[in-house]
Each structure stands twice: as structure tokens, then as C-alpha cells.
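Colleague: 1467 is the number of the first residue of the sequence shown in my numbering; add one for each residue after it. Cβ atoms here follow ideal geometry from the backbone N, Cα and C, with glycine treated the same way.
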Amino acid sequence: MQAERERMPGTVGLVPTMGFLHEGHLSLVRRALADCDHVVVSIFVNPTQFGPNEDLERYPRDLNRDLKLLDSALGTRHSALAFVPTIDEMYPPGFADWVEVKGPLTERLEGAHRPGHFRGVTTVVARLFRIVRPHRAYFGQKDAQQLRVLRRMVKEQRLPVDIIPMPIVCEPDGLAMSSRNMYLTPDQRVVALRLSQSLRLAVELVEEQGVTDSSAIISAMRKHLSDSAHPEVSKGASPLEIDYVSVADERTLEELETIDRPALILLAARIGATRLIDNAIVVPKDMPFSADLRSLMEE
Ligand code: AMP
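1. Tell me which residues share the same chain as His1770 and place their Cβ nearer than 8 Å to its Cβ, disregarding the 5 neighbours each side in the sequence.
2. What are the residues that DSSP puts in a beta bridge with Leu1730?
3. When you measure from the CB of Tyr1649 to every non-hydrogen atom of ligand 1, does any distance come out below 8 Å?
4. Do you know offhand how far Asp1715's Cα is from Ser1645's?
5. Can you check whether the CB of Pro1705 is closer than 9 Å to the CB of Val1657?
6. Return helix, strand or coil for Ala1500, following the three-state DSSP convention.
7. Hey, how far is the Cα of Thr1724 from the Cα of Pro1559?
8. Could you tell me whether any Cβ in chain D is nearer than 9 Å to the Cβ of Met1619?
9. Can you round the beta-carbon distance between Leu1659 and Gly1640 to whole angstroms, since I take them to be within the 8 Å contact cut?
10. If you drop the 5 nearest sequence neighbours on each side, which residues of the same chain put their C-beta closer than 8 Å to that of Met1619?
11. Tell me which same chain residues have a C-beta within less than 6 Å of the C-beta of Ile1743, skipping the five on either side of it?
12. Evaluate Asp1532 with the Cβ neighbour count: other Cβ atoms within 10 Å of its Cβ, from every protein chain shown; 16 or more gives buried, anything less gives exposed.
13. Taking all protein chains shown into account, do 16 or more other C-beta atoms lie within 10 angstroms of the C-beta of Met1648, making it buried, or fewer, making it exposed?
14. Nearest-angstrom Cα distance between Leu1616 and Pro1631?
15. Please report how far the alpha carbon of Ala1642 lies from the alpha carbon of Ser1662, in whole angstroms.
16. Determine the direct distance from the alpha carbon of Leu1719 to that of Leu1594, and round the result to whole angstroms.
17. Measuring alpha carbon to alpha carbon, tell me which of Lys1608, Asp1537 and Thr1514 ends up nearest Asp1563.
18. Would you kindly work out how many angstroms separate the C-alpha atoms of Phe1755 and Asp1679, rounded to a whole number?
19. What is the DSSP secondary structure of Met1632, reduced to helix, strand or coil?
20. Please state the DSSP three-state secondary structure of Leu1707.
21. Can we count Ile1634 as close to ligand 1, meaning its CB is less than 8 Å from some heavy atom?
22. If you draw a straight line from the alpha carbon of Glu1520 to that of Asp1752, how long is it in whole angstroms?
23. At a cut-off of 8 Å, would you count Gly1606 as near ligand 1, judging by its Cβ distance to the nearest heavy atom?
24. Should Leu1732 and Tyr1710 be called a contact, given that it needs their Cβ atoms to be closer than 9 Å?
25. Confirm the yes/no value for this check: CB of Gln1611, any heavy atom of ligand 1, distance under 8 Å.
26. State yes or no: is the C-beta of Arg1666 within less than 9 Å of the C-beta of Ala1746?
27. What residues are listed by DSSP as bridge partners for Pro1482?
28. Using the three-state DSSP reduction, which class does Ala1592 fall into: helix, strand or coil?
29. I'd like the ranges of any alpha helix (DSSP H) spanning at least 4 consecutive residues and lying wholly in the segment 1597 to 1652.
30. On the CB-based measure, 16 or more other CB atoms within 10 Å of its CB, does Asn1512 come out buried or exposed?
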């Protein structure tokens, strides 16, 4: 990779992924191709961002499929490549080069439910940055907290990389695309739709009905998420368990009691053994959207 990098004049864009690519990943790749002279897509299931009881072993992997998808997204561009390092290359024996963002940003939400997760993410991304030396790196708003943690890392470490945020890409029925969706049985997939439905409900409450009380929004969402009257539950599909529903300041992710500024509504839930996350940006009624926020919203 480092030898290839020497042969890349002009701007370089990096799209870090864990593979099992879908349209969400490909939207990042296309944007990078449009923006940069060269594009590197990394595919690496990063063991250090998984907890001991998480799905590292069964995380879906299919490199041939990924490379075919990338081939069609990359078209005839010779200026793009896939970087598929081994675990030993990323973590050589004696590895001690951990990179960590400390403080509330990494302690709440995903940080609270997945101890050590963000330390794994920042470590692997910092290492990818050192190897690939990109000018820009593309990340999805799907992992909203990760995006903000990585921005903070770049700022704290003064890394010469622009972090480019990209909107969430969803399935036609609203389910946010995720490599983990392949774990879901058809019944569980119906239950999973409640995540995006409850977020739509929250957006409507804030932006159309003018609700600003976060606790009212959270209880409406929790009610929709756990509604046992849903027909698919009575059919015996596994129920949904909520990890968190949170209304937070869009930039700092501090909990907001009243939505008096752009906010991020984040949720995580488990359906059987599958853990899913999703989020939506809301702006109080009559407050204009900034161009920055627009670029994060679904297309
Ligand atoms: P992952 O392979 O899950 O680690 O994701 C790699 C990158 O793709 C991350 O920046 C994710 O935020 C982004 N990504 C994953 N799913 C989506 C999606 N549905 N829409 C937009 N970006 C996504």
C-alpha cells in the first residue's frame, strides 16, 4: 500500500470499511471518486473495535463479492484501489500504538454500551491514515457518534485529513443499510423497521408539531419501538430490546432536555442477537437548516 501511495500524485481519498459492502459504502466511494484524483477503499474487519461478547467471529465477510461491487463502482478508473490488510499488518506483534479520544463524547451511547469500541475505531483509523496518507476520508452519518469522535481525533492530533460526512443510505422501506442486516430473519426484519419508523415519528413531532420536550419524544419513540401489539410479535418473532434512545446536541452529543438547537436523535436496539443503530437529525420548527446539516440529511 505504501509503495502504491508513492505513485499517487494529486489528492487521495480514503473510504475505510469493514467490507460486506452495500449501497451505503458505495455512496461514500462514489463521492470520493468525484472529489479526489485517487481513491483507496480499505476493507478490514477490525478486531479491536469488537467487545468480547460481540459478533467479530460471525461478522459477514465476502472479499470476492466486495471486489466485484467495487469494480463496478470504480468503473474504468485506474486511480482506485482496495486495501485489504491482514490483522498482523495492522497490529504487528508488540503493537502499542493506541489512539484514544477521552471524555464524554466517547463515554455515552455506543461508548457506554460497547466499552473499548471507540478506542478500537480511533486506533485503526489513525493507523490507516498513517499508511494511506489521504487528503480526505469519507464516513457515514449512519455511525453518527463515530463520525464525531473521528473529527475530534483529527482535531486533537492535528492530522492533515478532511473528514467528509455522508448521509445515511436506507433500503426502500426505510431500514438503514448495514452489513449486519443480513443476520435478520424475515420476521426480525419487519420488527427492525420500527427503528426508522420511530425516528420518523420523532422528526414529525419536532418539525411539524413543534414538540421541544425531549422526554415526550423519547417516550413516544420507546412506545412505538416496544409496541407488543405489532402483529409480527404475536407471530413469535423475537422482540426488540432497546439499548438507548437519546436526544442530543447535534455536534457535542450531550443530552438535550429541550430541543432548542439542531439535535440528533440516536437509538440502538437488539433484535435477537443482532444489534442495530440508526439516527436522525432534527431542527426545531421554524429554525433554518444550515448547509452543513443539509449535507448530512438523507438524499
Ligand atoms: P462499516 O463497514 O460498517 O464499518 O462502515 C464503513 C463506513 O460506511 C462507515 O463510515 C459507515 O458510517 C458507512 N456506512 C455504513 N452504513 C451506511 C449507510 N447505510 N449509509 C451511509 N454510510 C454508511
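Modeller: A quick look at the data gives this:
1. Absent from the structure is residue 1770, since the part of the chain shown begins at 1467 and ends at 1765.
2. DSSP, once it has assigned bridges, lists Ala1714 and Ile1747 as partnering Leu1730.
3. Because no heavy atom of ligand 1 lies under 8 Å away, the Cβ of Tyr1649 does not count as near it: no.
4. Taking the straight line from one Cα to the other gives about 27 Å.
5. Val1657 places its beta carbon less than 9 Å from that of Pro1705.
6. Helix at Ala1500.
7. Take the alpha-carbon of Thr1724 and the one of Pro1559: they are about 49 Å apart.
8. In summary, chain D is missing from the structure at hand, where a single protein chain is found.
9. Correct: roughly 6 Å between the Cβ atoms.
10. Once the five neighbours on either side are set aside, the close Cβ partners of Met1619 are Val1565, Val1567, Thr1588, Val1591, Ala1592 and Leu1625.
11. Taking Ile1743 as the centre and dropping the five residues before and after it, the same chain places the C-beta of Ala1734 closer than 6 Å to its C-beta, in chain order.
12. So Asp1532 counts as buried.
13. Within 10 angstroms of the beta-carbon of Met1648 lie fewer than 16 other beta-carbons, which makes it exposed.
14. Approximately 11 Å, taken between the alpha carbons.
15. Straight-line Cα distance between these residues: approximately 7 Å.
16. In this structure, the alpha-carbon of Leu1594 lies about 26 Å from that of Leu1719.
17. Of all alpha-carbon atoms in Lys1608, Asp1537 and Thr1514, the one lying nearest the alpha-carbon of Asp1563 is that of Thr1514.
18. Rounded to whole angstroms, the separation of the alpha carbons of Asp1679 and Phe1755 is 20 Å.
19. Per DSSP, reduced to three states, the secondary structure at Met1632 is strand.
20. One point to set straight first is that residue 1707 is Glu, not Leu, in the sequence displayed. Glu1707 falls in the strand class under three-state DSSP.
21. Result yes, Cβ under 8 Å from ligand 1.
22. Straight across, the Cα-Cα distance linking Glu1520 with Asp1752 is about 42 Å.
23. Yes, since a heavy atom of ligand 1 falls inside the 8 Å radius drawn around the Cβ of Gly1606.
24. Cβ atoms of Leu1732 and Tyr1710: closer than 9 Å.
25. Because no heavy atom of ligand 1 lies under 8 Å away, the Cβ of Gln1611 does not count as near it: no.
26. A contact, by the Cβ cut-off of 9 Å.
27. Answer by DSSP bridge pairing, in chain order: Ser1508.
28. In the structure shown, Ala1592 sits in a helix (DSSP, three-state: H, G or I).
29. Counting whole runs of 4 or more residues, the segment 1597 to 1652 contains the alpha helix (DSSP H) stretches 1610 to 1622.
30. By the Cβ-count criterion, Asn1512 is buried, with 16 or more other Cβ atoms from all chains shown falling within 10 Å of its own Cβ.
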